[in-house]
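So the sequence shown is numbered by the working numbering: it starts at 264 and just counts up by one. Using N, Cα and C, we set each Cβ at its ideal position, and we do this for glycine too. All of these numbers come straight from a predicted model, not from anything done at the bench. As structure tokens, the structure follows; a few thoughts come after it.
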Amino acid sequence: LKKRTRGRPKWDNKVQYLLTCIGFAVGLGNVWRFPYLCQIYGGGAFLIPYLIALVFEGLPLLYLELAIGQRLRMGSIGVWNSISPLLGGVGIASMLVSFLVGIFYNTILAWVLWYLFHSFQNPLPWSQCPLNDNLTGYNVECEKSTPVNYFWYRETLNITPDIETSGSLQWWLVICLASAWCVVYICFIKGIESVGKAVYVTATFPYLVLTIFLIRALTLPGATDGLVYLFTPDWEILKNPQVWLDASTQIFFSLSVAFGGLIAFSSYNEERNNCERDAVLVGVINSATSLYASIPIFAILGFKATTAYNSCIKGNILALTNYFEFSEQNITVENYDHWLKYLNQTSPGEVASLDLTHCDLQTFLDQSASGTGLAFIVFTEAVIEMPGSQIWAILFFVMLFSLGLSSMFGNIEGVLTPINDLKLVPKWIPKELLTGASIICLVAFLTALIFTLGSGNYWVEVFNSYVGSVPLLIIAFFEITGVIYVRGMKNFSEDIYFMTGNRPNIFWKACWMVISPLMLLVVLIAYVVVQAQTTPSYPTWNPAYVSKSRVLTWRYWVFAIIILLCVLPVISIPLVALYKLICCRIKKSSARTDLNPYCNDGFEVETREQQNQRA
């Protein structure tokens, strides 16, 4: 990498930087969260609140982070300390959130690796139930559920009945988790130099796989039903406030703002770079990817629903032909409805005695899922029915791993860059040991062992639901108010003029000063109110209840941990501010303000001349 005079590395080229930002923003949520929200919230109608949130909330925050990181050329802690010492805790909060998200995010990649290893088997191990211990029949637990569910809950997770039963470490998951963290370490072994090379693969390969899936999925029977189901708008659902809340949070978390990773990436940029164009480009590509990924995903889910629907009808046809002694050629899937109507009119009692299964395509289309349910249950079940299922399974899980790995780069960079900037690590430690993030990876791996317990999946759900929710909203609010109202809109406009040659237009100013902070406050308050009015619950897997869903509520001690996960990352914001104020008052009372650069009246922000001199 090219070096600045003060030793800060830079990207080899603009493509590396953009691919890294896109890879960080485009993650697993684009594949298994966005399509789910489109489906449950009125199909195409959901795009309206989603696009509104993108324009007035997502893009302004993304632009602000890229601009402030590029201008001040520091990680999150250095940036906010430079703006005001009172905001130093914002950088610490971003670093803690990045670390906490990273430890559970990489656990998902460990699960992906486990499935990827098994995708090379023929037949796929989740396509049929294993034999019981006596080899006289199939496993009872598997027969009560499905082979796909059994492989996920028992063979992969070996899940316990509830979160209170911890279970033991699953050695195969420990190995996969160690492998996932080793891959992250290798990609970071030379800092952004090696990351910049890795993103050429991790950020582009998912698009190749999605295109392959798109071509194949559109040729499958039932693909049209899936797409119609996805994009048929239900305008009435827009009256539901929950739709607007989920749209705002989805675009916010999808763009990966407030993690500190985008600030870190932009700090390695040229100072005179059009960060406005970069922000719009990254934001549009991220949202377009979500829509692009939805098409093959729901085309395949439409194929799965059609296959299940046809199997249901064939079962009924077999019962009818056996009872009425018809020829199997007489009743087909195509004329089944006509025959059933005729038999109900002529022999209603006999038809009722057969207890035929109610087959409805809409019901099968409704049986979708998000998150791990979509990746490891719904999609894997659909792959079984596709010709060449091994190839499609391998491609799918390699794509998921690439998506997750590129997002992990941003999470780790959000932790690593502040540590490097603060020079917290002694000089005698080899450069590769720190730059390669081995210390961070090792600590994260040891912490993430909790997710390899029998109850690990429940803890992943806790972290996924709460670590990346309230803390990020609070951090983003302090970021935008810190830049606009502490650094000042005028100063920030001059910063952008220095970098791009143009001052921000009225749209950006209106969003930064009023619209975006107000939206963040509304979303934060609405989220807290919704959570307070509901009793959070979680689905469990118990061999005694596999034939039906069993949902439990979180215990009180789990609630305490949830509150801790929400408060712990952001508690540094008031604590650091209070510490700086106390230190300042002590210094002032001792008449030693000249010894404390943070004790200027009003906590003055570093001037532009001082910044240029430091740079």
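Would residue i pass as a contact of residue j if the rule is Cβ separation under 8 angstroms?
i: residue 527; j: residue 345; result: no
i: residue 714; j: residue 367; result: yes
i: residue 745; j: residue 324; result: no
i: residue 542; j: residue 624; result: no
i: residue 463; j: residue 317; result: no
i: residue 519; j: residue 288; result: yes
i: residue 511; j: residue 298; result: no
i: residue 286; j: residue 669; result: yes
i: residue 583; j: residue 295; result: no
i: residue 360; j: residue 679; result: no
i: residue 662; j: residue 472; result: yes
i: residue 466; j: residue 450; result: no
i: residue 416; j: residue 722; result: no
i: residue 759; j: residue 330; result: yes
i: residue 422; j: residue 821; result: no
i: residue 787; j: residue 733; result: yes
i: residue 785; j: residue 355; result: no
i: residue 832; j: residue 363; result: yes
i: residue 667; j: residue 420; result: no
i: residue 455; j: residue 531; result: yes
i: residue 615; j: residue 563; result: no
i: residue 843; j: residue 469; result: no
CB-CB under 8 angstroms to residue i, same chain, minus the five flanking residues each way: which ones, in chain order?
i: residue 729; result: 825, 828 and 829
i: residue 620; result: 575, 578 and 579
i: residue 671; result: 365, 368, 369, 372 and 447
i: residue 534; result: 333, 334, 336, 761, 762 and 878
i: residue 302; result: 492, 493, 561 and 631
i: residue 488; result: 565, 568, 569, 624 and 628
i: residue 604; result: none
i: residue 402; result: 392, 393, 394, 395 and 413
i: residue 789; result: 504 and 508
Within the same chain, show all residues whose beta-carbon is closer than 7 angstroms to that of residue i, passing over the 5 residues directly before and after it, in chain order.
i: residue 441; result: 708
i: residue 779; result: 319, 320, 323, 324 and 743
i: residue 741; result: 350, 353 and 836
i: residue 536; result: 333 and 762
i: residue 500; result: 304, 305, 308 and 506
i: residue 357; result: 339, 521, 522, 523, 677 and 738
i: residue 798; result: 816
i: residue 300; result: 309, 509 and 513
i: residue 391; result: 410
Taking only beta-carbon atoms, is residue i less than 8 angstroms away from chain C?
i: residue 446; result: Here chain C cannot be found, since the structure has a single protein chain.
Here's the rule I'm using: 16 or more other beta-carbon atoms within 10 Å means buried, otherwise exposed. How should residue i be labelled?
i: residue 551; result: exposed
i: residue 433; result: buried
i: residue 639; result: buried
i: residue 767; result: buried
i: residue 517; result: buried
i: residue 273; result: buried
i: residue 818; result: exposed
i: residue 443; result: buried
i: residue 570; result: buried
i: residue 498; result: exposed
i: residue 560; result: buried
i: residue 278; result: exposed
i: residue 490; result: buried
i: residue 675; result: buried
i: residue 476; result: buried
i: residue 769; result: exposed
i: residue 703; result: buried
i: residue 540; result: exposed
Assuming the contact rule is C-beta atoms closer than 8 angstroms, residue i and residue j should be a hit. Round their C-beta distance to whole Å, please.
i: residue 431; j: residue 717; result: 6 angstroms
i: residue 328; j: residue 525; result: 5 angstroms
i: residue 326; j: residue 538; result: 7 angstroms
i: residue 389; j: residue 643; result: 6 angstroms
i: residue 206; j: residue 814; result: Only positions 264 to 878 of the chain appear in this structure, which leaves residue 206 out of reach.
i: residue 572; j: residue 613; result: Not really, about 24 angstroms apart at Cβ, beyond 8 angstroms.
i: residue 681; j: residue 341; result: 7 angstroms
i: residue 404; j: residue 806; result: 5 angstroms
Report yes if the C-beta of residue i is less than 7 angstroms from at least one heavy atom of the ligand ATP; otherwise report no.
i: residue 816; result: The ligand ATP is not part of this structure, which contains no ligands at all.
Quick one: any contact between the stretch 404-424 and the stretch 478-486, if contact means 3 or more CB pairs under 8 angstroms?
no
Quick check: the stretch 545-559 against the stretch 369-377, are there 3 or more CB pairs under 8 angstroms?
no
Whether or not the stretch 381-389 and the stretch 648-662 are in contact is what I'm after, with contact meaning three or more pairs of Cβ atoms, one per stretch, closer than 8 angstroms; do they touch?
A contact exists between the stretch 648-662 and the stretch 381-389.
Any contact of the stretch 571-587 with the stretch 596-605, i.e. 3+ C-beta pairs under 8 angstroms?
Cβ pair count under 8 angstroms is three or more, so yes.
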